[in-house]
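There are 2 protein chains.
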Amino acid sequence: MAPHEDQSTAGVRGPIEALTASGLRALTGDAATLPGPGGLGVRLAARLRELIRAGGALRPGTVLPPTRAVAAEFGLSRGVVVVAAYEQLAAEGFLAGRQGAGTRVADLGPGARPAPKAPPPEEAARPGVPDLGGFPRGRWLAAYRQALTAMADGDLGYGDPRGHARLRTELAAHLRAFRGADASPDALLVVGGAADGLTLLADTLAAGGRPRIAVEDPSSPRTRALLRRRGLEVTGVPVDGEGLAVDALREPGRLGAVLLTPAHQYPAGVPLSAGRRQALVRLAREHGVLLIEDDYNGAFRYDREPPGCLQGLAPDVTALLGSVSKTLAPALRLGWLLAPPAWAPRLVHDRALTHPTGHTLDHLAFAHLLHTGDYTAHLRRTRRRYQSRRLHLTTELAAAAPGFTPLGTPGGLHLPVALPPWSREAEVLAAVRAEGYDVQGLGACALTPPPPDRPGGGLVIGFAALTPAAITHLVGVARAAGGPPPSPGAPPPPG
Amino acid sequence: MAPHEDQSTAGVRGPIEALTASGLRALTGDAATLPGPGGLGVRLAARLRELIRAGGALRPGTVLPPTRAVAAEFGLSRGVVVVAAYEQLAAEGFLAGRQGAGTRVADLGPGARPAPKAPPPEEAARPGVPDLGGFPRGRWLAAYRQALTAMADGDLGYGDPRGHARLRTELAAHLRAFRGADASPDALLVVGGAADGLTLLADTLAAGGRPRIAVEDPSSPRTRALLRRRGLEVTGVPVDGEGLAVDALREPGRLGAVLLTPAHQYPAGVPLSAGRRQALVRLAREHGVLLIEDDYNGAFRYDREPPGCLQGLAPDVTALLGSVSKTLAPALRLGWLLAPPAWAPRLVHDRALTHPTGHTLDHLAFAHLLHTGDYTAHLRRTRRRYQSRRLHLTTELAAAAPGFTPLGTPGGLHLPVALPPWSREAEVLAAVRAEGYDVQGLGACALTPPPPDRPGGGLVIGFAALTPAAITHLVGVARAAGGPPPSPGAPPPPG
Numbered sequence: 005m006a007p008h009e010d011q012s013t014a015g016v017r018g019p020i021e022a023l024t025a026s027g028l029r030a031l032t033g034d035a036a037t038l039p040g041p042g043g044l045g046v047r048l049a050a051r052l053r054e055l056i057r058a059g060g061a062l063r064p065g066t067v068l069p070p071t072r073a074v075a076a077e078f079g080l081s082r083g084v085v086v087v088a089a090y091e092q093l094a095a096e097g098f099l100a101g102r103q104g105a106g107t108r109v110a111d112l113g114p115g116a117r118p119a120p121k122a123p124p125p126e127e128a129a130r131p132g133v134p135d136l137g138g139f140p141r142g143r144w145l146a147a148y149r150q151a152l153t154a155m156a157d158g159d160l161g162y163g164d165p166r167g168h169a170r171l172r173t174e175l176a177a178h179l180r181a182f183r184g185a186d187a188s189p190d191a192l193l194v195v196g197g198a199a200d201g202l203t204l205l206a207d208t209l210a211a212g213g214r215p216r217i218a219v220e221d222p223s224s225p226r227t228r229a230l231l232r233r234r235g236l237e238v239t240g241v242p243v244d245g246e247g248l249a250v251d252a253l254r255e256p257g258r259l260g261a262v263l264l265t266p267a268h269q270y271p272a273g274v275p276l277s278a279g280r281r282q283a284l285v286r287l288a289r290e291h292g293v294l295l296i297e298d299d300y301n302g303a304f305r306y307d308r309e310p311p312g313c314l315q316g317l318a319p320d321v322t323a324l325l326g327s328v329s330k331t332l333a334p335a336l337r338l339g340w341l342l343a344p345p346a347w348a349p350r351l352v353h354d355r356a357l358t359h360p361t362g363h364t365l366d367h368l369a370f371a372h373l374l375h376t377g378d379y380t381a382h383l384r385r386t387r388r389r390y391q392s393r394r395l396h397l398t399t400e401l402a403a404a405a406p407g408f409t410p411l412g413t414p415g416g417l418h419l420p421v422a423l424p425p426w427s428r429e430a431e432v433l434a435a436v437r438a439e440g441y442d443v444q445g446l447g448a449c450a451l452t453p454p455p456p457d458r459p460g461g462g463l464v465i466g467f468a469a470l471t472p473a474a475i476t477h478l479v480g481v482a483r484a485a486g487g488p489p490p491s492p493g494a495p496p497p498p499g
Numbered sequence: 005m006a007p008h009e010d011q012s013t014a015g016v017r018g019p020i021e022a023l024t025a026s027g028l029r030a031l032t033g034d035a036a037t038l039p040g041p042g043g044l045g046v047r048l049a050a051r052l053r054e055l056i057r058a059g060g061a062l063r064p065g066t067v068l069p070p071t072r073a074v075a076a077e078f079g080l081s082r083g084v085v086v087v088a089a090y091e092q093l094a095a096e097g098f099l100a101g102r103q104g105a106g107t108r109v110a111d112l113g114p115g116a117r118p119a120p121k122a123p124p125p126e127e128a129a130r131p132g133v134p135d136l137g138g139f140p141r142g143r144w145l146a147a148y149r150q151a152l153t154a155m156a157d158g159d160l161g162y163g164d165p166r167g168h169a170r171l172r173t174e175l176a177a178h179l180r181a182f183r184g185a186d187a188s189p190d191a192l193l194v195v196g197g198a199a200d201g202l203t204l205l206a207d208t209l210a211a212g213g214r215p216r217i218a219v220e221d222p223s224s225p226r227t228r229a230l231l232r233r234r235g236l237e238v239t240g241v242p243v244d245g246e247g248l249a250v251d252a253l254r255e256p257g258r259l260g261a262v263l264l265t266p267a268h269q270y271p272a273g274v275p276l277s278a279g280r281r282q283a284l285v286r287l288a289r290e291h292g293v294l295l296i297e298d299d300y301n302g303a304f305r306y307d308r309e310p311p312g313c314l315q316g317l318a319p320d321v322t323a324l325l326g327s328v329s330k331t332l333a334p335a336l337r338l339g340w341l342l343a344p345p346a347w348a349p350r351l352v353h354d355r356a357l358t359h360p361t362g363h364t365l366d367h368l369a370f371a372h373l374l375h376t377g378d379y380t381a382h383l384r385r386t387r388r389r390y391q392s393r394r395l396h397l398t399t400e401l402a403a404a405a406p407g408f409t410p411l412g413t414p415g416g417l418h419l420p421v422a423l424p425p426w427s428r429e430a431e432v433l434a435a436v437r438a439e440g441y442d443v444q445g446l447g448a449c450a451l452t453p454p455p456p457d458r459p460g461g462g463l464v465i466g467f468a469a470l471t472p473a474a475i476t477h478l479v480g481v482a483r484a485a486g487g488p489p490p491s492p493g494a495p496p497p498p499g
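Line by line, the protein sequences are chains A and B.
First residue of the first sequence? That's 5 in the working numbering, and the numbers climb one at a time after it.
First residue of the second sequence? That's 5 in the working numbering, and the numbers climb one at a time after it.
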């Protein structure tokens with residue numbers, strides 16, 4: 005897979021481009037179909053204005069085709085209609101003429117011009133979505149072919165509801181080596197992603213008569229909705245710079261479980277400190293509480309080796325959840341659940357009823373990918389790419405968005421960003437979403453969402469799937485919507 | 005895939021086979037490793053006896069290699085050891101000599117000879133398991149490769165929780181054409197097999213405050229266990245020659261749903277009659293009851309076109325469940341749920357929480373298989389094969405197992421067989437299971453299982469994955485365990 009950076013960066017601040025008349029017609033549509041009121045010249049001007057604002061093909065510096073060529077292309081008898089449209093836009097400042105270089109889209113500098121539009125990929129900037137263009141299609145297909153060719157006929161039937169033994173063996177070795185997990189093939193359950201595994205745990209908790217679960221505050225609102233839908237009562241525990249504040253856990257004896265993200269708290273981006281880990285394990289053992297470790301980002305740390313998982317410290321009370329959704333692709337629906345021995349029989353029994361076997365072909369393909377080392381090589385490759393994208397994002401923020409403060413440690417696929425007090429989270433979110441970026445708000449991650457008009461707030465930006473050009477664009481949009489910093493003599497911001 | 009019949013049938017009643025000395029040594033092992041007490045001749049005889057009893061390579065009619073060649077192969081100085089072994093077995097009746105044709109394994113006729121042992125495949129005779137050797141690996145791999153190559157990067161991310169639109173489009177067309185379903189892409193939900201879809205429905209029923217569900221009696225015990233585990237109260241409705249006895253549905257106003265198998269009742273093997281279909285739909289509409297149609301065997305009918313699905317008759321009250329587990333392979337975990345419009349939003353909402361996207365690569369591969377017509381071609385191929393296997397099973401039963409009565413219409417992947425009154429279901433089951441056949445008992449399908457020592461009972465034999473040789477063997481074992489028919493002058497059997 006070629007890195008996407010190189011291709012996508014090219015168009016934005018690259019060499020001057022000249023548009024042909026037929027290229028312009030492809031953008032505007034035929035003259036007869038130009039929408040809006042007024043004569044043809046007015047409607048052409050309106051459409052061009054729109055295109056320049058959108059910042060796509062009509063970027064600052066783009067040379068427009070000669071009026072005569074445009075008239076011919078549109079089948080107009082007189083070029084004067086086009087001349088009128090060009091003049092109108094030039095008068096408004098959208099176009100600039102330069103001797104010998106024709107009419108071009110004006111470049112008004114980085115502050116005032118519309119931000120360059122690099123069309124974002126689907127789900128752009130959604131936290132937790134990996135760079136899907138980097139999915140190793142060739143390697144995956146080779147592994148799948150190998151699996152399908154070598155598998156026994158019996159493997160196509162109803163197998164082990166825990167998943168194919170070969171995958172559990174490879175996966176246990178991988179989790180021991182790379183996540184410090186206390187993993188054995190027998191204890192692993194292959195599931196259809198972390199949400200699927202969490203559903204299984206939640207149903208077992210609900211059926212077991214301990215339906216209260218504590219979650220981090222802030223945390224993923226989607227995960228809380230899942231837990232509530234499965235009949236659990238969700239309570240929050242605050243998060244600070246050391247992760248989940250174990251001392252703030254109320255009535256631990258009434259808790260069935262604590263769900264947390266120790267490697268890289270979502271969304272705050274901090275790891276759970278060693279002291280907190282120890283305190284949490286003591287609490288879990290004392291009160292019979294299940295710790296559910298969502299290791300969604302355990303593979304990605306950029307400044308050092310990622311911390312080992314909590315499950316490795318206390319396998320008797322911890323259920324580890326992981327998946328390839330952040331490392332390969334969500335569409336594979338491959339995850340794992342490593343539960344304490346006391347929980348495993350119930351989970352396997354329930355699983356066998358609803359999923360009498362696993363997606364065996366995918367299991368065998370992933371086992372092959374693990375066995376050959378292709379998976380860890382892919383992790384190394386993507387880690388380098390994500391590290392560079394995170395760096396680009398923090399650099400752009402520092403340079404172009406004063407008051408926007410990155411939070412957390414260098415890891416994961418998302419960057420939490422605190423907004424300056426003169427911004428409004430809802431306004432910034434609306435602006436970036438209007439541009440196609442599925443950025444999340446820190447407000448929605450809180451168990452009690454703050455009032456929408458409170459000053460400040462924050463963003464959760466998924467950077468893994470964003471090209472540097474898209475990152476630059478996104479920062480520009482966010483900064484524009486977040487308002488200018490107060491001038492030195494201005495009164496202090498409210499709040 | 006070459007049809008397995010040709011290869012497997014060959015050995016059993018095919019042309020006479022001559023075993024070479026090296027072939028024999030491959031079966032017995034080296035002379036020094038022959039187990040048991042006694043001299044070499046005795047131990048060789050014991051091993052040969054064992055092999056003849058097992059009925060594998062040493063089948064009736066198999067010509068044994070000349071004693072001199074065997075002696076040479078085993079490195080024995082004198083052929084007399086081998087001669088002694090042969091003579092011993094001939095005296096016991098295991099071997100027969102024929103002039104000019106060497107020594108051969110005696111053929112003692114179908115009644116007395118040990119049943120030929122064709123080692124059954126894993127899960128042999130388990131009802132509902134297709135012929136896994138017939139899985140179109142090449143076609144599936146080609147479809148998967150095409151899907152993986154052509155898919156957009158965005159398809160690797162979080163997509164539609166209902167499953168990929170391309171698959172829903174192809175599947176809706178297929179279900180309309182081949183199952184008479186009232187299917188549109190928007191109403192379909194792709195799930196991980198029928199059990200997964202049923203779990204989703206059951207959870208929605210339980211959460212909706214109508215947790216009582218009626219099931220057919222008899223029906224699949226595994227399915228009942230699933231429903232109970234999801235918190236539903238399960239009641240039974242008797243089944244007769246027309247399928248579910250609608251008139252026997254008690255308190256329909258208190259029912260949330262009725263789960264049934266209209267195309268081919270499991271296990272009784274009868275289709276739901278037209279009159280019953282109409283009565284059931286009227287009842288469902290009157291009382292707001294959801295009909296859950298498990299179309300597990302809708303693709304397989306051998307005497308005529310399969311009846312269209314109930315959902316096509318009443319899409320407003322029927323949820324159709326189907327999968328490729330019976331047509332391609334359980335390990336693909338591909339199924340569908342076509343729910344009434346009033347149910348769809350709740351189901352999709354719940355699904356999106358636990359399964360934010362589908363197994364998109366598998367979805368696109370299956371869509372390709374449907375699009376090219378390879379799937380329907382595969383259905384035609386397997387239908388012919390299963391029809392011939394079912395015929396072999398009923399023929400063998402008629403010929404070799406008096407009193408064993410096939411039930412139901414020619415369809416599906418299993419044959420229900422009533423046992424004669426002088427048999428005990430538990431004893432017959434124990435015997436065939438000891439031979440590796442996962443035959444089910446009719447008794448376990450009843451909501452109130454009959455006492456284990458009642459006379460008669462019945463078997464549910466999955467024939468799709470059984471070679472003709474295995475079918476013959478299975479019938480022999482069952483017949484032997486089911487006891488001989490009473491002689492004409494004997495007192496009538498109890499009961």
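All residues carry an ideal CB built from backbone N, CA and C; glycine is no exception.
Item, Value
"State yes or no: is the C-beta of ARG29 (chain A) within less than 7 angstroms of the C-beta of GLY65 (chain A)?", "no"
"Within 10 angstroms of the Cβ of GLY462 (chain B), are there 16 or more other Cβ atoms? Answer buried if so, exposed if not.", "buried"
"Which runs of the alpha helix (DSSP H) fall wholly inside the segment 262 to 295 of chain B and span at least 4 residues, in chain order?", "278 to 291"
"List in chain order: all unbroken alpha helix (DSSP H) runs of 4+ residues lying wholly within the segment 425 to 471 of chain B.", "429 to 438 and 446 to 449"
"Please list the terminal residues of the continuous alpha helix (DSSP H) segment that includes THR331 (chain A).", "That residue, THR331 (chain A), is in no alpha helix (DSSP H); it is neither H nor E in DSSP."
"Taking Cβ-Cβ distances shorter than 8 angstroms, what residues in chain B pair up with HIS363 (chain A)?", "GLY196, ALA335, LEU336, ARG337, HIS363 and ASP366"
"How should GLN282 (chain B) be labelled, buried or exposed, when 16 other C-beta atoms within 10 angstroms of its C-beta is the threshold for buried?", "exposed"
"When you compare only the Cα positions, how much space is there between VAL133 (chain A) and ASP299 (chain B)?", "37 angstroms"
"GLU290 (chain A): buried (16+ other C-beta within 10 angstroms of its C-beta) or exposed?", "exposed"
"THR153 (chain A): buried (16+ other C-beta within 10 angstroms of its C-beta) or exposed?", "exposed"
"Can you tell me whether GLY460 (chain B) is buried or exposed, with buried defined as 16 or more other CB within 10 angstroms of its CB?", "buried"
"Give the residues of chain B in contact with ALA199 (chain A), contact being defined as C-beta atoms less than 8 angstroms apart.", "LEU357, THR358, HIS359 and PRO360"
"Here's the rule: buried if 16 or more other CB atoms are within 10 angstroms of the residue's CB, otherwise exposed. What is ALA198 (chain A)?", "buried"
"Applying a beta-carbon distance threshold of less than 9 angstroms, which residues of chain A neighbour TYR148 (chain B)?", "LEU145, TYR148, ARG149, LEU152 and LEU365"
"Counting pairs of beta carbons, one from the segment 431 to 442 of chain A and one from the segment 370 to 390 of chain A, are three or more of them closer than 8 angstroms?", "no"
"Name, please, each residue of chain A whose Cβ falls closer than 7 angstroms to the Cβ of TYR379 (chain B).", "Simply none; closest approach about 16 angstroms."
"Report, in whole angstroms, the separation of the C-beta atoms of LEU259 (chain A) and VAL293 (chain A), which I expect to be a contact under 8 angstroms.", "5 angstroms"
"HIS382 (chain A): buried (16+ other C-beta within 10 angstroms of its C-beta) or exposed?", "buried"
"Using three-state DSSP, classify ALA369 (chain A) as helix, strand or coil.", "helix"
"Contact criterion: CB-CB distance below 7 angstroms. Does GLY167 (chain A) meet it with respect to chain B?", "no"
"Got a sec? Which residues, its chain only, sit under 6 angstroms from GLY201 (chain A) by beta carbon, not counting five neighbours each side?", "VAL195, LEU325, GLY339 and LEU341"
"Give a yes or no on whether the C-beta atoms belonging to LEU256 (chain A) and LEU314 (chain A) are separated by under 7 angstroms.", "Checking the displayed sequence, the identity of residue 256 (chain A) turns out to be Pro instead of Leu. Cβ distance not < 7 angstroms, so PRO256 (chain A) and LEU314 (chain A) don't count as in contact."
"By Cβ distance below 6 angstroms, which residues in the same chain neighbour THR239 (chain B) in space, the five residues on each side in sequence not counted?", "ALA218"
"What residue range does the beta strand (DSSP E) around SER327 (chain B) cover?", "322 to 327"
"From what residue to what residue does the alpha helix (DSSP H) around ALA404 (chain A) run?", "378 to 404"
"Hey, does LEU230 (chain B) have any beta-carbon neighbour from chain A nearer than 7 angstroms?", "yes"
"What is the residue span of the beta strand (DSSP E) that ASP221 (chain A) lies within?", "216 to 221"
"DSSP three-state call for TRP340 (chain A): helix, strand or coil?", "strand"
"Grab me the residues of THR398 (chain A)'s own chain with a C-beta within less than 8 angstroms of its C-beta, minus the 5 sequence neighbours each way, in chain order.", "PRO410 and LEU419"
"Given a cut-off of 7 angstroms on the beta-carbon distance, is the pair GLU583 (chain A) and LEU374 (chain A) in contact?", "A query on residue 583 (chain A) cannot be resolved here, the shown segment of chain A reaching from 5 to 499 and no further."
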